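Novice: Please find one structure pasted underneath; my questions will follow.
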Amino acid sequence: MAILSLAWKSLLNRRFTALLTLLSIALSVTLLVGVERLRTEARASFANTLSGTDLIVGARSGPVQLLLYSVFRIGDATNNLSWESYQDIAVHPKVAWTVPISLGDSHRGFRVLGTTEAYFEHYRYGRDRRLSFEEGQPFSDLYDAVLGAEVADTLGYQIGDAIIVAHGAGEVSFAKHDDKPFRVLGILERTGTPVDRTVHVSLEAIEAIHVDWQSGAPIPGLSISADQARAMDLTPKAITAFLVGLESKIATFQVQRFVNEYPEEPLLAILPGVALSQLWDLIGVAENALLIVSAFVVVVGLFGMLTALLTSLNERRREMAILRSVGARPGHVFALIMGEAGVLTLLGVLSGMALLYLALIVGQPLIESRFGIFVPIGGPTPYEWVLLGAVIAAGFLVGSIPSYRAYCLSLADGLAVRI
Amino acid sequence: MVIDIKGLQFRWQPSAPLVLAIEDLTVGPGEHLFIKGPSGSGKSTLLSLISGVATATVGTVRVIDQELEQLGSVDRDHFRADHIGYIFQMFNLIPYLSVVDNVTLPCRFSASRRAKARARGKDLHAEARRLLEHLDMDHADLHQRAVTTLSVGQQQRVAAARALIGSPELLIADEPTSSLDADRRESFIRLLFDECRASGATLVFVSHDASLEHLFDRAIDLAVVNRSVQDALGERGGL
């Protein structure tokens with residue numbers, strides 16, 4: 001106990017370097033636990049990019065590919081599926097609802113998605129959260145568009161603005177559907193999902209802008225105006241994919257088999273949750289790398305302490321000789337340095353956690369609105385306790401190096417002061 | 001006898017040269033012994049042996065009737081804490097402790113000195129202040145100041161108070177006055193004498209400054225007593 005109070009007073013005396021050391025440990029702990037907490041929540045939020053949907057159905061390809069283009073708007077479908085097949089599956093007795101989606105066009109780099117009002121009713125993300133409108137309402141007219149939050153933010157659109165849809169998914173497109181401009185009728189609230197980067201229009205609108213097109217180019221000599229198109233039959237011939245909600249989850253595999261064995265057309269039904277976690281396993285490497293990097297930051301922080309303690313030893317040899325002269329054993333000297341390392345580590349971990357909670361309180365609303373990740377402010381999880389325990393253990397381990405060196409020095413020096 | 005050295009030989013390592021060889025050296029209770037020795041005459045080694053940091057290679061060192069060679073290193077550290085007060089040449093104080101905490105430092109390591117100090121004063125702090133007062137360090141503001149801002153003379157008096165607290169039987173002073181002005185040396189030594197007399201402590205005072213010799217009951221010249229030095233000097237051509 002006597003030694004610990006000496007260690008404390010000694011740290012207070014060198015409070016500037018001690019504070020810097022403590023700060024570097026604290027920040028590294030904040031980073032470590034913060035990364036751990038964020039990645040846990042990012043994983044959960046990723047798995048909930050699409051929730052409430054039991055199956056995604058598309059033309060037969062790979063599960064991850066279907067997920068990528070139907071949910072993340074990345075890449076393109078190799079094939080569409082016919083409207084008849086869609087109608088057929090939609091009336092399956094176990095199917096409660098379906099949301100058709102049609103992709104292929106874009107607006108200044110953002111994908112345009114053709115769908116129905118059912119999209120706004122049934123689409124769920126996160127923990128069963130539904131889409132809500134920041135402004136406006138779902139499309140009602142043929143040439144209405146609903147923008148995701150990021151589209152509106154990035155391009156500075158407001159309700160009533162006119163937008164031109166371009167053919168194809170590229171950032172720069174020369175084939176534009178400029179004869180049929182859309183009007184922004186609604187802007188969705190930010191979700192932190194790919195919905196934010198999507199321009200939503202009706203299926204019929206997708207059909208309408210392509211009535212005078214064939215094979216990705218306008219048919220020469222044929223021009224149907226926006227108003228003329230209204231009079232035509234705009235039932236789509238094909239869609240890209242559709243989301244399926246079931247009456248009961250028990251029927252999931254039954255309906256999945258029904259789709260996969262559908263005789264008229266090769267189709268694929270995937271369980272979004274399973275496909276999402278498969279995809280996460282692919283990209284989760286980065287997340288692990290991040291945790292490893294922050295673990296190394298902790299090691300660097302502890303090395304800072306090691307350096308600070310080791311460099312102080314030489315100038316403290318006199319202090320050790322004085323302690324030895326009043327009866328301190330070399331073991332006491334070991335305990336003195338160890339006490340300092342322990343105090344620095346423990347206080348570092350404590351203030352690191354305090355910093356983390358402060359950052360969470362400040363950053364929670366920001367992270368949620370920006371990335372759609374809700375980071376709960378709870379006590380440490382068991383895994384976080386393990387991480388903290390490991391940091392403390394590492395701190396003591398690192399502290400034992402200068403402590404042992406001080407032990408050896410005081411044993412060798414005795415009462416002689418050699419500087 | 002407080003110190004009783006018989007047939008002592010010491011080398012730091014078995015293969016290292018002999019640094020100290022003393023046939024017979026005794027110091028009685030209450031005695032004030034002056035050990036004169038130029039640097040390199042083996043005084044640090046002798047003090048290490050008396051204070052139990054090192055042990056004799058051959059022969060015995062008895063301090064207050066305790067043969068130090070028979071104690072383990074932990075027990076020797078305890079023994080030093082309980083029975084010996086030590087004053088260094090300079091920089092005696094722990095920079096991060098207050099004046100009073102520096103004085104009471106030995107009481108953290110020795111229960112018996114803590115008990116004796118408490119018995120003399122009201123508590124440890126009162127006893128520390130009493131000793132500081134006796135050593136002409138009675139200005140209250142001195143006690144508040146960081147020890148690093150004290151003058152060298154003041155630091156040495158704080159060190160003396162620390163060596164004296166809890167009345168150890170033996171006081172070892174390793175050139176405590178070499179950093180003081182000539183006129184302050186004598187007054188410091190007289191203060192030390194007074195306190196040693198008051199507590200009945202034996203004083204072993206080491207210095208290369210022969211001008212202080214006359215103040216002491218007895219003086220020995222380590223260069224004469226230590227036969228290993230004479231040998232070494234002989235080898236080097238009487239340097």
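Chains A and B are the protein sequences, given in the same order.
Letter 43 of the first sequence, counting from 1, is numbered 43 in the numbering used here, and no numbers are missing.
Letter 192 of the second sequence, counting from 1, is numbered 192 in the numbering used here, and no numbers are missing.
For glycine and all other residues, C-beta sits at the position ideal for the given N, C-alpha and C.
Keep in mind it's a predicted model, so treat the numbers as computed, not measured.
#1: Note down the Cα distance separating I224/A from R183/A, rounded to an integer number of angstroms.
#2: Excluding sequence positions up to five away, which residues of its chain have a Cβ less than 8 Å from the Cβ of T26/B?
#3: Since L103/A and Y69/A should fall inside the 8 Å C-beta cutoff, what is the C-beta to C-beta distance between them, to a whole number of angstroms?
#4: Who are the Cβ neighbours of A81/B in its own chain at under 6 Å, not counting the five residues just before and after it?
#5: Output, in sequence order along the chain, the residues in the segment 187-206 of chain B whose CB is closer than 8 Å to any CB in chain A.
#6: Taking 8 Å as the CB-CB cut-off, is A328/A touching chain B?
#7: What residue does the beta strand (DSSP E) around R62/B start on, and which one ends it?
#8: Could you work out which residues of chain A lie near L105/B, taking near to mean beta carbons separated by less than 7 Å?
#9: Given this structure, state the Cα-to-Cα distance separating L188/A from R130/A, to the nearest angstrom.
#10: Taking I187/A as part of the beta strand (DSSP E), name the residues at either end of that continuous run.
#11: If you draw a straight line from the C-alpha of V64/A to the C-alpha of A251/A, how long is it?
#12: Buried or exposed: which applies to N48/A, given that a residue is buried once 16 or more other Cβ atoms fall within 10 Å of its Cβ?
#13: I'd like the list of long-range same chain contacts for L409/A, defined as Cβ closer than 7 Å, with 5 residues on each side in sequence excluded.
#14: Among residues of its own chain, excluding the 5 on either side of S400/A, which ones have a beta-carbon nearer than 7 Å to its beta-carbon?
#15: For the beta strand (DSSP E) holding L415/A, just list the boundary residues, first then last.
#16: Would you check if the distance between the CB atom of R111/A and the CB atom of R60/A is smaller than 8 Å?
#17: Could you tell me whether the Cβ of G237/B comes closer than 8 Å to any Cβ of chain A?
#18: Kindly list, in the order they appear in chain B, the residues whose Cβ is closer than 7 Å to that of E319/A.
#19: Can you pull the chain A residues whose beta carbon is under 8 Å from the beta carbon of V53/B, in chain order?
#20: Secondary structure at Q421/A, three-state DSSP: helix, strand or coil?
#21: Between the C-alpha atoms of G85/B and I172/B, what's the straight-line distance to the nearest angstrom?
#22: To the nearest angstrom, report how far apart N260/A and Q278/A are at their CA atoms.
#23: My guess is that V244/A and V57/A are in contact by the Cβ rule of under 8 Å, so how many angstroms apart are they, rounded?
#24: So what does S427/A bridge to, in DSSP terms?
#25: Taking the C-alpha atoms as reference points, what is the distance between E340/A and A359/A?
#26: Enumerate in chain order the residues of its own chain whose CB-to-CB distance from L142/A is below 7 Å, with the five nearest sequence positions on each side excluded.
#27: Check the Cβ of S10/A against every Cβ in chain B and list those closer than 7 Å, keeping chain order.
#28: Determine contact between the segment 365-385 of chain A and the segment 271-285 of chain A, defined as no fewer than three beta-carbon pairs at a distance below 8 Å.
#29: With a CB to CB cut of under 7 Å and the five nearest residues on each side skipped, what residues in its chain are close to I419/A?
#30: Using three-state DSSP, classify A359/A as helix, strand or coil.
#31: For the alpha helix (DSSP H) containing P63/A, name the first residue and the last one.
#32: For A420/A, go through chain B and note every residue whose CB falls closer than 8 Å to its CB, in chain order.
#33: Would you mind sorting M232/A into buried or exposed? The rule is 16 or more other CB atoms within 10 Å of its CB.
#34: Listed from N- to C-terminal order along the chain, which residues in the segment 24-44 of chain B have their beta-carbon within a distance smaller than 9 Å of any beta-carbon of chain A?
#35: Measure the C-alpha to C-alpha separation of L415/A and H332/A and round it to an integer number of angstroms.
#36: Where does V326/A fall in DSSP's three states?
Specialist: Based on what the coordinates show:
#1: One C-alpha to the other measures close to 19 Å.
#2: Here the set comprises M1, I3, D4, I5.
#3: Yes, they are in contact, since the Cβ atoms of L103/A and Y69/A sit about 7 Å apart, within 8 Å.
#4: Contacts found: F109, S110.
#5: Hits within the stretch: zero.
#6: Chain B places a beta carbon closer than 8 Å to that of A328/A, counting this residue as a contact.
#7: Annotation for R62/B: the continuous beta strand (DSSP E) segment containing it runs 58-63.
#8: Near L105/B (Cβ distances below 7 Å), the residues of chain A are V326.
#9: Cα to Cα, the separation comes out at about 11 Å.
#10: Judged by DSSP secondary structure, I187/A falls within the beta strand (DSSP E) whose first and last residues are 182-188.
#11: Using only the alpha carbons, I get a separation of about 22 Å.
#12: When all chains shown are included, N48/A counts as buried.
#13: In its chain, beyond the 5 residues on either side, L313, R317, M320 have a beta carbon closer than 7 Å to the beta carbon of L409/A.
#14: Same-chain partners within the cutoff: M338.
#15: Neither: L415/A is in no beta strand (DSSP E) and is coded neither H nor E.
#16: No, they are not a contact pair.
#17: Low local confidence applies: a pLDDT of 42 at G237/B is under 50, so the model's placement there is unreliable, with the coordinate-based value given in what follows. At a cut-off of 8 Å, the C-beta of G237/B has no neighbouring C-beta in chain A.
#18: What E319/A touches in chain B: I94.
#19: The answer, in chain order, is R324, G414, L415.
#20: An answer regarding residue 421/A cannot be provided, because it is not within the stretch 1 to 419 covered by chain A.
#21: The straight-line gap from Cα to Cα measures roughly 6 Å.
#22: Distance between N260/A and Q278/A, taken at the CA atoms: about 19 Å.
#23: With a Cβ gap of about 6 Å, V244/A and V57/A count as contacting.
#24: What is shown of chain A runs 1 to 419, which leaves residue 427/A out entirely.
#25: If I take the Cα positions, the gap works out to 28 Å.
#26: Result list for L142/A: S202, E204, A205, A208, R230, in chain order.
#27: Residues of chain B whose Cβ lies closer than 7 Å to the Cβ of S10/A are, in chain order, Y96.
#28: When C-beta atoms of the segment 365-385 of chain A are compared with those of the segment 271-285 of chain A, fewer than three pairs fall below 8 Å, so the two segments do not count as touching.
#29: The predicted model places I419/A with a pLDDT of 47, which falls under 50 and marks its position as unreliable; any figure quoted below should be read in that light. The beta carbon of I419/A sits closer than 7 Å to those of R317, R318, all from its chain and outside the five residues before and after it, given in chain order.
#30: Reduced to three states, the DSSP call for A359/A is helix.
#31: Per DSSP, P63/A belongs to the alpha helix (DSSP H) from 63-70.
#32: Chain A is shown from 1 up to 419; residue 420/A falls before or after that span and cannot be answered.
#33: Classification for M232/A: exposed.
#34: Here the close residues are S44.
#35: Computed Cα separation, rounded: 15 Å.
#36: Three-state DSSP puts V326/A in coil, outside helix and strand.
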